[in-house]
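Chemist: In this note's numbering, the protein residues as written are 1190 to 2292.
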Amino acid sequence: MSTPEISDGLERVWKANAAVPDAVHDCVHNIVARTVVRQPKAPAICAWDGNLTYEELDNLSSQLAYQLVDLGIVSGDIVPLCFEKSMWTPVAVLGVVKAGAAFVLLDSNLPDERLQVIVHQVSPKLVLASLQNRDLGSRLFQNVVIVGPESLGGKQPLLPSTHLATHPSSVVYIVFTSGSTGVPKGCVITHQNLCSALHHQIISLGFEPTSRVFDFSSYSFDVAIHNIFATLIIGGCVCIPSEEERKGDLEKTMFRMQATLVDLTPTVARLLSHQAISSLKTLILLGEIVTEHDSKAWWGKTRLINAYGPTECTSISTINHTATGPGMVSNIGRGKGVVTWIVNPQDHNVLLPWGQIGELLLEGPIVGLGYLNSPQQTSNSFIESPAWLVEGAFGVQGRQARLYKTGDLARYDEAGNIVCIGRKDTQVKIRGNRVELGEVECRLQDCMPEGTQIVAEAIIPKGSSESNVLAAFMRIQENSLMQSYQISDDSEVRLLVPSKTVELELAKLLPAYMIPSLFFAMSEIPLTPSGKTNRKLLREIGASYSVEELTLKAGIVASTPKRPLTETEEVLQAMWTRILNLDSNNIGVNDSFFQLGGDSIAAMKLAGEARKVGMKLTVADIFRYPAIEDLSRLIKTEEADIHEQASVTTPLLEPSLKAAFLSDIDLSDIPLRADDVLDILPLTNLQETFIAEGISENLQIVDYYYLDLGHHLDVAKFEESCVKLLEGYPILRASFLPFDGKQWMVIPKHLKLPFVVSYVDSDLQDALADFCTNDIASFERNQPIIAFILLRNKIQGTRLVVRLSHAQYDGISIEVIFKALMGVYNGQDIPERTDWSTYVQYIHHQKPKAEVYWRNLLYKSKYTNFAEHFPISSSDSRPVAFRVGKETTFPEIPIGITVASFMSAAWAIFLSQLLGKEEVIYGQLVNGRNAALPNIEEVVGSCINIVPVRVDLSSHRTLAELAFAVQEQFIALGDSDSLGFRDIIDSCTDWPAGSRLFSCTQHQNIEEDVAFETEGFTSRLQRFNNPRRLPYFFFMISFPRGDRLGLQIFAHSHMTTPETAEILLDKFLPVIEKLAAGLKNSVSIDNLVQNIGSIDLRKNMAV
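1) Would you say residue 1391 and residue 1234 are within 8 Å of each other, going by their C-beta atoms?
2) Does the beta-carbon distance from residue 1971 to residue 1869 come in below 8 Å?
3) If you draw a straight line from the C-alpha of residue 1492 to the C-alpha of residue 1606, how long is it?
4) Between the Cα of residue 1420 and the Cα atoms of 2177, 1218, 1591 and 1457, which residue gives the shortest distance?
5) What is the residue span of the beta strand (DSSP E) that residue 1661 lies within?
6) Extract the residue ranges of the alpha helix (DSSP H) inside the segment 1296-1333, only unbroken runs of 4 or more that lie entirely within it.
7) Quick one: what's got a C-beta closer than 7 Å to residue 1957's C-beta in the same chain, skipping five residues either side?
8) Going by Cα to Cα distance, which pick from 1924, 1216, 1247 and 1757 is closest to residue 1230?
9) Is it right to say residue 1265 is buried, meaning 16 or more other beta carbons lie within 10 angstroms of its own, or is it exposed?
10) So, at 8 Å on beta carbons, what are the nonlocal neighbours of residue 1206 in its own chain, with the 5 sequence-adjacent residues on each side left out?
11) If we ignore side chains and look at the alpha-carbon of each, how far apart do residue 2267 and residue 2261 end up?
12) Residue 1844 by DSSP, collapsed to three states: which one?
13) If you draw a straight line from the C-alpha of residue 1272 to the C-alpha of residue 1292, how long is it?
14) Spatial neighbours of residue 2276 within its chain, please: CB distance less than 6 Å, with the 5 preceding and 5 following residues excluded, ordered by chain position.
15) Answer with buried or exposed for residue 1211, where buried requires no fewer than 16 other C-beta atoms within 10 angstroms of its C-beta.
16) Between which two residues does the alpha helix (DSSP H) harbouring residue 1483 extend?
17) DSSP has residue 1899 in a bridge; who is on the other side?
18) What separation, rounded to the nearest whole angstrom, lies between the Cα atoms of residue 1196 and residue 1533?
19) Per DSSP, which one or two residues make a beta bridge with residue 1982?
20) In terms of alpha-carbon separation, which member of 2138, 1382, 2184 and 1525 lies closest to residue 1358?
21) Please name the residue, chosen from 2200, 1198 and 1337, that lies closest to residue 2008 on a Cα-to-Cα basis.
22) Out of curiosity, what's the CA-to-CA distance linking residue 1639 and residue 1524?
23) Let me know the secondary structure DSSP gives residue 1597 once reduced to three states.
24) Answer with yes or no whether the minimum CB distance from residue 1341 to chain D is below 8 Å.
25) From the DSSP secondary-structure annotation, give me the bridge partner or partners of residue 1214.
26) Tell me, to the nearest whole angstrom, how far the beta carbon of residue 2308 is from that of residue 1519; I am working on the premise that it is less than 8 Å.
27) Are the beta-carbon atoms belonging to residue 1183 and residue 1281 less than 8 Å from one another?
28) What do you reckon, are the CB atoms on residue 1443 and residue 1466 nearer than 8 Å?
29) Which class does residue 2194 belong to by DSSP, given the choice of helix, strand or coil?
30) Taking the alpha-carbon of residue 1252 as reference, which of 1940, 1276, 1287 and 2105 has the nearest alpha-carbon?
31) Spell out the partners DSSP gives residue 2078 in its beta bridges.
32) If I measure Cβ to Cβ from residue 1847 and keep anything under 7 Å in the same chain, skipping five residues before and after, which residues do I get?
33) Report the residue from 1431, 1438 and 1477 whose alpha carbon sits nearest the alpha carbon of residue 1452.
34) Name the one or two DSSP bridge partners that residue 1236 has.
35) How about residue 1450 and residue 1400: do their beta carbons lie closer than 8 Å?
36) On the criterion of 16 or more Cβ atoms from any shown chain inside 10 Å, does residue 2029 qualify as buried, or is it exposed?
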């Protein structure tokens, strides 16, 4: 079921991961005890506040262990440790584990509120604190035990420290990391996990009996724990600086303590000079991606190691300790204590072959237990025995195991090392393009002087829209490459304007959307307590300046764009400024709307803006005349009643049928009477699909969107805002009721607000999953869909959950709904709008005209039966949805052709070769908002539609002709985009009865996650992912992902199998690449078709 290349790649993966590293069934304090016996008088701790030999450390920690036992500490208890950097921290750590308990190291530099949340989660009996942190400990918990020279005087323990039994499966420590819900997650690690990690890693990391290991890492970072135990097990010495030395005098302190080994993030390592730390033998870089610039600075001067590991699997999982040059340090090496798998980022049940980019999974004895008291989060990240692992392959026996999903994108290189690409969930979107910030930083570094520190980040300047702006924060000396400007009188941050040389160099290295719009100069790049770049603080700095402050300086450009000469050009330029989020000084009247970042969604917004001021402008006009000066010649500004077409109303339901329907409503047991009905509307074809098929297949017909609102929500005020939202948007009050063999939208005049406040003790993510699962099971089909639920948790605050049907919204209007709701809560009015009923009247009135368009387009067309080429899983069982994804280099597309048009043309070529036909017909998802209605971009409702695309390859000579013809078909569509796909097939074709559009292309250029702010709290709108959701078409989805193009097939098992879908993507990728190359080089269609050859999926399928 795979190509030879895929099969070879999978075999290589299986051979590399055939054997899982052995677990070490021991307890970490027992292993340290053997070092004590071996070298009792050797130095164990060298700290700013005192020194300890191994014997002294053992005695003090054993005394503490017995004190803890006397205080009631037993196996399974968790003890928080509140210490500054001190010799007493290792004493406390060892004392707790000898007592059979687990510890949580608290970083005393963190805010009290965060520390209180952590302490609350572990439910301790007591807190251990240093004398210096006594007050802090008391603020965190009522029972504080002080650890220091006064409490641990020269008493010897009564019994050997091993008397207190602990099992290897016992928890040894918990480290709290940031959670997506805003509440720290406790990662639980056992003795076996830690002992196994140290056993497999300690030599590769360069630890030796003579090592003097510098304890730089914050106590909130698990590397600090790893270093303590790795050093004590090998017989080295832990060198502990004071907090002041660690933060303010790092180089001198490392030299004074004669440190030979240190773990640092690349950000911190950039601050140091090897000349100042001549004792350093080993530098371990971890926590961030290592660039070649980082490795060059230290190569040949010390042993350089790149280590990687998520906290959930001890601090380190893979190690690169065998690099042969600075260019080889950036990979993260190979698993140590784990085997490494790479799977489809959207579906961990799909194993990827060698070399493909996917999500990194870890398997082995260092994989931790999960998250403390959070089974839902644990099950999301820790998976049990995926089918491919149980089955085995290529002679490797299948096995059962627990794997951790890292969330990191990676691939194997040819040498077998892992190359980390970045986070799958933290790529930013700039103008609809996914951007990997690490790549931007790397390319910027190539243009800057040696020693420049650069951090790229997406910011939202104060007073701007919610759209991201790409910014670069730099620690740089004044030079001719950058000109510096003061932003405001009290600002320590300065704005940089790059020279023409830098601009030209960046243009060679990066696509336009990956070049920062703003450059900031800083004296220091801020760091988190763990030594990583403090990106949150950088975003806050960027957001502290207004658009006006920044554009006054950043608006300096090398060449002056052509200025507007007429009033119409000025009006259009102002619209472009708002929609593209650009400075008007950078928009010339001869610039292309699409070159400046516009796409079909932005064109729709521009057309809507133009209609508001009386300009008759369509999306098609913008595509055909993308420059302001050309559009202004086209536009004839006049006082036109753009409601005229929509004002011609015709009954959407015959009066007799309506009377019968209302009578049925009165006789039914639903809580609605005929007198309460405001409107009855027919459904669009896609709405019918969402509702009718959802009911017939017993599938989910409701969706759940959620938004975190912080701790300070005024519930009464918010409830009133929800009331106003329902008053402003009648469609949100709708029920979907059956009558005369169809489903109808019934809108009541008023609706008692379905508003529930639920107080929960569990994690909000768990509470959300429980609520949605139960609500789906109990939902009555005939009741109103809309509901507002507030889940409230004392620690995490409030989460809003809104229940909707996709028949009430689409990707554009979901943002409109939540913007309106939060706007009303913040004192704004519901925006000017066109109601859904007006939209339905309009498309009903346009239907005859639309049918003419589609009859002409599909005249004498033949049905493309795409489905017959795919095997399906058993149709006896319930269909199961799946997603299969791939990536490729983002194609270079000629100016004037949109990505959506390019992808559509590529799909046409692919289908032609697959089916052996010159003409093919397939579906395309459109936004359905070309209607000449005011504020069409603000209409709340499900305007999206699936329409046919007809492509005849024999009618075009070159690939460029083909691509432009596909785009012209989209442009000519106009407001015929609203005629439903079933109506098109039934009324405008002579295709066989029951024909349907099987495959559908979709290019996603809408922001998927929108940020909202409420009383200083910012949160992103998200949708609950429910497994009952099924696609109604075979979707081929494309989307930008930085400088790469993402592809995804979304289908279900009654359409085809995941294996077939993966083969299809493998066959489709070369078509994309060859089309892009062919467009660039004016290749003919015949030439490309011969180059591709016929495509037969079945050749690669198992019989």
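Glycine included, each C-beta is placed from N, C-alpha and C at the ideal position.
Modeler: In brief:
1) no
2) no
3) 18 Å
4) 1218
5) 1658-1664
6) Whole alpha helix (DSSP H) segments, 4+ residues: 1301-1311 and 1323-1329.
7) 1895, 1980, 1988, 1990 and 2213
8) 1247
9) exposed
10) Excluding positions up to five away in sequence, the list reads 1528, 1529, 1530, 1552 and 1585.
11) 10 Å
12) DSSP, read as helix, strand or coil, puts residue 1844 in helix.
13) 12 Å
14) none
15) exposed
16) 1481-1487
17) 1987
18) A straight line joining the alpha-carbon of residue 1196 with that of residue 1533 spans about 16 Å.
19) Beta-bridge pairing links residue 1982 to 1986.
20) 1382 is the residue among 2138, 1382, 2184 and 1525 whose C-alpha sits nearest the C-alpha of residue 1358.
21) Of 2200, 1198 and 1337, the residue nearest in Cα terms is 2200.
22) 33 Å
23) strand
24) As a matter of chain content, chain D is missing from the structure shown, which is built from one protein chain.
25) None, per the DSSP bridge assignment.
26) Shown here, the chain extends from 1190 to 2292; a query on residue 2308 therefore has no answer.
27) Nothing about residue 1183 can be reported from this structure: the residues present for the chain run from 1190 to 2292 only.
28) The answer is yes: Cβ separation under 8 Å.
29) coil
30) For the residues 1940, 1276, 1287 and 2105, the minimum Cα distance to residue 1252 belongs to 1287.
31) 2233
32) 1869
33) 1477
34) 1239 and 1429
35) yes
36) buried
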